[in-house]
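Enquirer:
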Amino acid sequence: MTMLAGIGRSFLSFLAMMGAVSTFAGRAIFHAFAPPIYWRLLGKQLIAVGYFSLPVVGLTALFTGAVLARQIYIGTGRIGAESAVPTIVVFSITRELGPVIASLMVAGRVSAAMAAEIGTMRVSEQIDALQTLATNPFKYLVGPRVLATTLVLPALVLVGDVIGVMGGYFMATEMLGFSGSAYIRNTIDFLEVSDVVSGLVKAAAFGFLIALMGCFHGYRSQGGAQGVGRATTNAVVSSSILILAANYVITELLFAQ
Amino acid sequence: MTEISKISLRNLQKRFGEKVVLNGVDLDIAPGDSMVVIGSSGTGKSVMLKCILGLLRPDGGTIQLDGNDIGTLRQRERNALLRHVGMLFQGGALFDSLPVWENVSFGLLGAGGISRRDAKDHAIETLAKVELDAPTADLYPAELSGGMQKRVGLARAIAASPDIIFFDEPTTGLDPITADVINNLILERVQELGATTLTITHDMASVGKIASRVAMLHDGKIIWSGNASDIDRSDNPYLNQFIHGEAIGPMRPDVSTTMPKETY
Ligand SMILES: Nc1ncnc2c1ncn2[C@@H]1O[C@H](COP(=O)(O)OP(=O)(O)OP(=O)(O)O)[C@@H](O)[C@H]1O
Ligand SMILES: [Mg+2]
Chain A
1 MTMLAGIGRS
11 FLSFLAMMGA
21 VSTFAGRAIF
31 HAFAPPIYWR
41 LLGKQLIAVG
51 YFSLPVVGLT
61 ALFTGAVLAR
71 QIYIGTGRIG
81 AESAVPTIVV
91 FSITRELGPV
101 IASLMVAGRV
111 SAAMAAEIGT
121 MRVSEQIDAL
131 QTLATNPFKY
141 LVGPRVLATT
151 LVLPALVLVG
161 DVIGVMGGYF
171 MATEMLGFSG
181 SAYIRNTIDF
191 LEVSDVVSGL
201 VKAAAFGFLI
211 ALMGCFHGYR
221 SQGGAQGVGR
231 ATTNAVVSSS
241 ILILAANYVI
251 TELLFAQ
Chain B
1001 MTEISKISLR
1011 NLQKRFGEKV
1021 VLNGVDLDIA
1031 PGDSMVVIGS
1041 SGTGKSVMLK
1051 CILGLLRPDG
1061 GTIQLDGNDI
1071 GTLRQRERNA
1081 LLRHVGMLFQ
1091 GGALFDSLPV
1101 WENVSFGLLG
1111 AGGISRRDAK
1121 DHAIETLAKV
1131 ELDAPTADLY
1141 PAELSGGMQK
1151 RVGLARAIAA
1161 SPDIIFFDEP
1171 TTGLDPITAD
1181 VINNLILERV
1191 QELGATTLTI
1201 THDMASVGKI
1211 ASRVAMLHDG
1221 KIIWSGNASD
1231 IDRSDNPYLN
1241 QFIHGEAIGP
1251 MRPDVSTTMP
1261 KETY
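So the sequences go chain by chain: A and B. Each residue of the first sequence is one higher than the one before, starting from 1 at the first, in the numbering used here. Each residue of the second sequence is one higher than the one before, starting from 1001 at the first, in the numbering used here.
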């Protein structure tokens, strides 16, 4: 009986949480686009999220691409299809690994930073101060972050895609004995526009989720430094899970026949 | 009362869960008054201010600023009203991602119609009024001492020439000399603006210096209010205990939330 009550309680609080996130997302989207837009803040966020995530995204993409080429070489070797390595590498990177790995890395960096910053502003009454200065905190804090992250993640993923394919290329040409020109030709010949575009669509969705979770948990944090710490952890965990879940949903929506 | 109140609270109620904080607060502040609200720690003085500013939603009662019931205002109207209101937060609440001058001019920049260069000039002028020099304008709040942060907070509160200003414990945590300097600054700036003010404090020196009217909050209600000159002549035992800072009297420090029931 107590167990059932417990399950019921957690289910109810889960529903309440879903409701709160949805309302927050609605307001965030509204204030991201409804004028006036704080261009300075948007620019700041574009740089903070986009430019400063480049090293992280580039490095992870490079290593992932290299490892991928090696493993696919081994796998295809078992059925004597090593020539498919370039095609499978670029296929996997553009459709799945590029957007997912880049977004997970950005989630760790950016949603944590957003939750910590907004959370600190909440517990030190800076958000209250914004309101008394006739400034809407959604417009000032949440809107620019959500908009910037949604816009910039596809660009980051595109860069990551290119670097990931390069990682595969280096592995294949330096260690696996592929010829450079043949590798590039195979990469391009069998690549379809939809591979890249679907990855970029995913990236935009993941970017939205990253900023949403960072802002949501930061905005609701309470109770001093400990509360901000909790908000930061929750932001990273929830945005990572949501990225993987959304990846499944989007893949099904786009590709299930 | 013939004159219309600048700030008027009627039967203001606020509770957090089971805990009743404000239980029917009535308060009227006439234009030009310097009202000081005193009361023990945790009696809900800051909560009362946050209700007036619309940061907390009251559970009951009405709040009027300049004759407008703030509970019924739309966001846009409320923002228009807030542009004539200044607030000094208990903890400063300076924006730590912005330099001092942008903190001071934040309201002006938000209202629009002013270039960043002019806003900075205006910030430097305002900082001079709280006796901070121009180089301070480019520092960040984390680089300031507590007393300087209070001054910047004060500068931010007065920057838009508001006609209502709220001060939440402007002198708490400062040495007596700096506290006196802040009190003087408040007095001068408020007189210059002709603003109506509501100050919260436990600091009796502050009360003596800046108050024209005094009200005491206890147990969720205003239990005494009157002219500042009358507080020493009151026979209210709560007020007497508070202004003389005695542990023995009708009020006990509130320990009920920290001490488990069984130990009684
Ligand atoms: N957001 C909140 N959630 C729950 N309880 C709160 C909240 N804000 C204030 N309280 C409670 O309301 C009571 C009054 O708090 P408030 O900050 O108004 O006290 P105060 O009179 O300003 O005290 P001090 O003089 O120490 O600043 C406290 O018991 C506090 O625990
Ligand atoms: Mg307080």
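We treat Cβ as the ideally placed atom computed from N, Cα and C, and that holds for glycine.
Jot down the residue ranges of each uninterrupted alpha helix (DSSP H) in the region 101-143 of chain A, minimum 4 residues, whole runs only, in chain order.
Expert: Qualifying alpha helix (DSSP H) stretches, in chain order: 112-123, 126-132.
Enquirer: Going along chain B in order, which residues have a C-beta closer than 7 Å to the C-beta of residue 135 of chain A?
Expert: 1110
Enquirer: Does the Cβ-Cβ distance between residue 1053 of chain B and residue 1167 of chain B come in under 9 Å?
Expert: no
Enquirer: Check for me: the beta strand (DSSP E) holding residue 1024 of chain B runs from which residue to which?
Expert: 1019-1029
Enquirer: Quick one: list the residues of chain E neighbouring residue 1083 of chain B, beta-carbon separation under 7 Å, in chain order.
Expert: Structure shown: chain E not included; protein chains present are A and B.
Enquirer: Tell me the residue span of the alpha helix (DSSP H) that contains residue 200 of chain A.
Expert: For residue 200 of chain A, the enclosing alpha helix (DSSP H) has its first and last residue at 193-219.
Enquirer: Since residue 31 of chain A is in the alpha helix (DSSP H), which residue starts that stretch and which ends it?
Expert: 2-33
Enquirer: Given 8 Å as the limit, tell me if residue 1096 of chain B has its C-beta closer than that to any heavy atom belonging to ligand 2.
Expert: no
Enquirer: So is the beta-carbon of residue 1150 of chain B under 8 Å away from any non-hydrogen atom of ligand 1?
Expert: no
Enquirer: For residue 1095 of chain B, which residues in chain A fall below 9 Å Cβ to Cβ?
Expert: 121, 126, 129, 130
Enquirer: Would you kindly report the start and end of the unbroken alpha helix (DSSP H) that includes residue 1048 of chain B?
Expert: 1045-1052
Enquirer: What residues does ligand 3 have around it, judged by CB closer than 5 Å to any heavy atom, in chain order?
Expert: This structure lacks ligand 3; the ligands present are ligand 1 and ligand 2.
Enquirer: Verify the CB distance criterion: does residue 1050 of chain B have a CB-CB separation below 9 Å to chain A?
Expert: Using a Cβ-Cβ cut-off of 9 Å, residue 1050 of chain B counts as an interface residue toward chain A, since at least one Cβ of chain A sits closer than that to its own.
Enquirer: Determine contact between the region 137-157 of chain A and the region 197-214 of chain A, defined as no fewer than three beta-carbon pairs at a distance below 8 Å.
Expert: yes
Enquirer: Since residue 1089 of chain B meets chain A, which of its residues come closer than 8 Å, beta carbon to beta carbon?
Expert: 125, 128, 129
Enquirer: According to DSSP, which residues form a beta bridge with residue 1036 of chain B?
Expert: Within the DSSP bridge table, the entry for residue 1036 of chain B names B/1199, B/1214 as partners.
Enquirer: Taking just the CA atoms, how far does residue 1031 of chain B sit from residue 1210 of chain B?
Expert: 15 Å
Enquirer: Given the structure, does residue 125 of chain A come close to ligand 2, in the sense that its CB is under 8 Å from one of the ligand's heavy atoms?
Expert: no
Enquirer: Answer with buried or exposed for residue 1007 of chain B, where buried requires no fewer than 16 other C-beta atoms within 10 angstroms of its C-beta.
Expert: buried
Enquirer: What do you get for residue 198 of chain A, buried or exposed, if any count of 16 or more other CB atoms within 10 angstroms of its CB means buried?
Expert: buried
Enquirer: State the beta-bridge partners of residue 1042 of chain B as determined by DSSP.
Expert: The partner list for residue 1042 of chain B (beta bridge, DSSP) is empty, contrary to what the question assumes.
Enquirer: Which complete alpha helix (DSSP H) runs does the region 1084-1171 of chain B hold, if anything under 4 residues is left out?
Expert: 1100-1104, 1106-1111, 1116-1129, 1146-1158
Enquirer: Pick out whichever of A/4, A/91, A/97, A/25 has its Cα sitting closest to the Cα of residue 216 of chain A.
Expert: A/25
Enquirer: For a test of your reading of the model: does the CB of residue 1125 of chain B fall under 8 Å from any non-hydrogen atom of ligand 2? Yes or no.
Expert: no
Enquirer: Can you give me, in chain order, the residues of the region 1006-1027 of chain B that have a beta carbon less than 8 Å from any beta carbon in chain A?
Expert: Near chain A, meaning a CB-to-CB distance below 8 Å, no residue of the region 1006-1027 of chain B qualifies.
Enquirer: Can you give the Cα-Cα distance for residue 90 of chain A and residue 191 of chain A, rounded to whole angstroms?
Expert: Approximately 7 Å between the Cα atoms of the pair.
Enquirer: Quick one: list the residues of chain A neighbouring residue 1106 of chain B, beta-carbon separation under 9 Å, in chain order.
Expert: 129, 130, 133, 135
Enquirer: On the DSSP bridge list, what partners appear for residue 1227 of chain B?
Expert: B/1213
Enquirer: Is residue 1095 of chain B closer than 9 Å to residue 126 of chain A when the C-beta atoms are compared?
Expert: yes
Enquirer: Since I believe residue 1104 of chain B is in contact with residue 1139 of chain B (beta carbons under 8 Å), could you give me their beta-carbon distance rounded to a whole number of angstroms?
Expert: Contact doesn't hold; Cβ gap of about 12 Å is too wide.
Enquirer: Using three-state DSSP, classify residue 179 of chain A as helix, strand or coil.
Expert: DSSP places residue 179 of chain A in the coil class of the three-state scheme, outside both helix and strand.
Enquirer: Is it right to say residue 135 of chain A is buried, meaning 16 or more other beta carbons lie within 10 angstroms of its own, or is it exposed?
Expert: buried
Enquirer: Can you name the start and end residues of the alpha helix (DSSP H) that residue 1063 of chain B belongs to?
Expert: Residue 1063 of chain B -> not in any alpha helix (DSSP H); beta strand (DSSP E) instead, spanning 1060-1065.
Enquirer: Determine the burial state of residue 1022 of chain B: buried for a count of at least 16 other Cβ atoms within 10 Å of its Cβ, exposed for fewer.
Expert: buried
Enquirer: Which ranges would you report for the alpha helix (DSSP H) in the region 222-249 of chain A if only whole runs of at least 4 residues count?
Expert: none
Enquirer: Name, please, each residue of chain A whose Cβ falls closer than 8 Å to the Cβ of residue 1055 of chain B.
Expert: 128, 131, 132
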